[in-house]
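J.: Please see the structure below; I have some questions.
Residue numbers (the UniProt record's numbering): 1 to 184.
What follows is the structure, encoded as structure tokens:
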């Protein structure tokens, strides 16, 4: 059964930016559009619930997408079908992380998925900044999947009456992670 898709394009344009383009040196052609990122309800909820369960801790995890051939997708659309929470409390860059990534990669290959993104929530309420660990892990994902996304959970927007997504999305281009403009 396919999961319902959370469509935030009407509420928050940060998930559906389509009018920018990647630099030619990253993609090989200047007419390639930025990918459209969509999350299933399951992926978004698991990410938010992981953050809500551990509000005073760093949380992180991976986002997986279905493998798609470029010719089957008219626009570069990435549908994150699931979220795999990894750690809370500390962000591990250790053998435990290596084992977790290896196991998740094996599971993805068996189920026709690909690791397509990384998410992180910081421990402080108004801290949405990227740290070097998040950038390093997300960059490794981007080496294997060029349309990877880095998603930061915005703890200050996370509440029971929240009507906009509590996340910030970053794209990898020019060898850096850059935030998408939420006003596009």
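Backbone N, C-alpha and C fix where the C-beta goes; we use that ideal spot for every residue, glycine too.
The model shown is predicted, which means the values in this text are computed figures rather than measured ones.
#1: Within 8 angstroms (strictly less), CB to CB, does residue 37 reach chain D?
#2: Flag this pair as yes or no: are the beta carbons of residue 154 and residue 168 separated by less than 8 angstroms?
#3: Assuming contact is defined by CB atoms lying nearer than 8 angstroms, are residue 76 and residue 35 in contact in what I supplied?
#4: On the DSSP bridge list, what partners appear for residue 60?
#5: For residue 50, which residues of its own chain have a beta-carbon under 8 angstroms away from its beta-carbon, when the five flanking residues on both sides are left out?
#6: So, at 7 angstroms on beta carbons, what are the nonlocal neighbours of residue 46 in its own chain, with the 5 sequence-adjacent residues on each side left out?
#7: What first and last residue would you give for the beta strand (DSSP E) that runs through residue 38?
#8: Reducing DSSP to helix, strand and coil, say where residue 137 ends up.
#9: Return helix, strand or coil for residue 50, following the three-state DSSP convention.
#10: Which value, in whole angstroms, describes the spacing of the CA atoms of residue 180 and residue 139?
#11: Here's a check: name, in chain order, each residue in its chain whose Cβ is nearer than 8 angstroms to the Cβ of residue 170, leaving out the five neighbours to either side.
#12: What number of angstroms, rounded off, separates the C-alpha of residue 123 from the C-alpha of residue 97?
#13: Which one of 90, 78, 104 and 41 has the shortest CA to CA distance from residue 134?
#14: Assuming residue 171 is part of the beta strand (DSSP E), what are its boundary residues?
#15: Let me check one thing: in DSSP terms, what residues is residue 149 bridge-paired to?
#16: Report back the beta-carbon spacing between residue 114 and residue 81 to the nearest angstrom; my notes put them in contact at under 8 angstroms.
#17: Kindly indicate which three-state DSSP category residue 130 falls into: helix, strand or coil?
#18: For the putative contact between residue 166 and residue 48, defined by C-beta atoms under 8 angstroms, what is the C-beta separation to the nearest angstrom?
T.: In short:
#1: Of the protein chains in this structure there is only one, and it is not chain D.
#2: yes
#3: yes
#4: 87 and 120
#5: 59, 61, 83, 85, 88 and 121
#6: 83 and 85
#7: 36-40
#8: helix
#9: helix
#10: 16 angstroms
#11: 130, 138, 149, 150, 151, 152, 177, 178, 179 and 180
#12: 19 angstroms
#13: 90
#14: 167-173
#15: 117 and 171
#16: With a Cβ gap of about 10 angstroms, residue 114 and residue 81 do not count as contacting.
#17: coil
#18: 7 angstroms
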